[in-house]
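Asks: This structure is in structure tokens; I'll ask about it shortly.
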Amino acid sequence: MLHNTKTRRKPNIRISQSDYARLSALATTVAARNPVASDELLAELERARVVADGWVSAGTVRMGSTVTFKPDTGDRKTVTLVYPGEANISEGKVSILTPIGTALIGLSAGQSIMWTARDGRRHELLVLGVNHPTPEDDSPDRLAPSSAIAASL
-12 MLHNTKTRRK PNIRISQSDY ARLSALATTV AARNPVASDE LLAELERARV VADGWVSAGT
48 VRMGSTVTFK PDTGDRKTVT LVYPGEANIS EGKVSILTPI GTALIGLSAG QSIMWTARDG
108 RRHELLVLGV NHPTPEDDSP DRLAPSSAIA ASL
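In structure tokens:
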């Protein structure tokens, strides 16, 4: 990964219409009690390309995705991106309202992003792979898992 002091352009991201609607509502709902998280999520949603449900590729991070990534701080990590009420760090369930959760949404395997932790430090991560659960509703945009793109990293 590149480490430099320049501000890097954020990668292109895609979000399904249903995730966009739910996440927009969530950001609006939490704005009064958590304005920083709300603003960060809204900024990501604003720059996202919103596509029809079913048109988000299998390798794209969306709500419920299990993501393997390599942070600039060390070994690869695997987390599941969830809504705040489901978050449990000991189970690897990371809330969309955390800085890393907001950074992950809409990324695809092979993309990297700079993000700012709650302590103000800047970090970079590289998405290695994305898997999706098979939901009860069988939404076509959530079915097929993608494989890790860089098993040797």
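Numbering-wise (my numbering), the sequence shown opens with residue -12 and increments by one. Idealized CB from N, CA, C, for every residue including glycine. Note that this is a predicted model, so its numbers are computed, not measured.
1) Identify whether Gly107 lies in helix, strand or coil by the three-state DSSP scheme.
2) Name the one or two DSSP bridge partners that Gly116 has.
3) What is the rounded straight-line gap between the Cα of Ile83 and the Cα of Ile92?
4) Does Ala19 have its Cβ less than 8 Å from a Cβ in chain B?
5) Run the CB neighbour count on Asp26, radius 10 Å, all protein chains shown included, and call it buried at 16 or more, exposed below.
6) Run the CB neighbour count on Ser77, radius 10 Å, all protein chains shown included, and call it buried at 16 or more, exposed below.
7) I need the straight-line Cα distance from Tyr7 to Leu28, nearest angstrom please.
Replies: Reading off the structure:
1) As a working mapping, residue 107 is identified with position 120 in the sequence shown. Three-state DSSP puts Gly107 in coil, outside helix and strand.
2) Against the sequence shown, residue 116 aligns to sequence position 129. As computed with DSSP, Gly116 is found in a beta bridge with Thr55.
3) As a first step, residue 83 must be located in the sequence shown, where it is residue number 96. As a first step, residue 92 must be located in the sequence shown, where it is residue number 105. Each residue's alpha carbon lies about 8 Å from the other.
4) The question asks about chain B, but that chain is absent: this structure has only one protein chain.
5) Indexing the sequence shown from 1 puts residue 26 at position 39. Burial call: exposed.
6) Sequence index remark: in the sequence shown, residue 77 carries index 90 (1-based). So Ser77 counts as exposed.
7) To locate residue 7, count along the sequence shown from 1; it is residue 20. To locate residue 28, count along the sequence shown from 1; it is residue 41. Straight-line Cα distance between these residues: approximately 10 Å.
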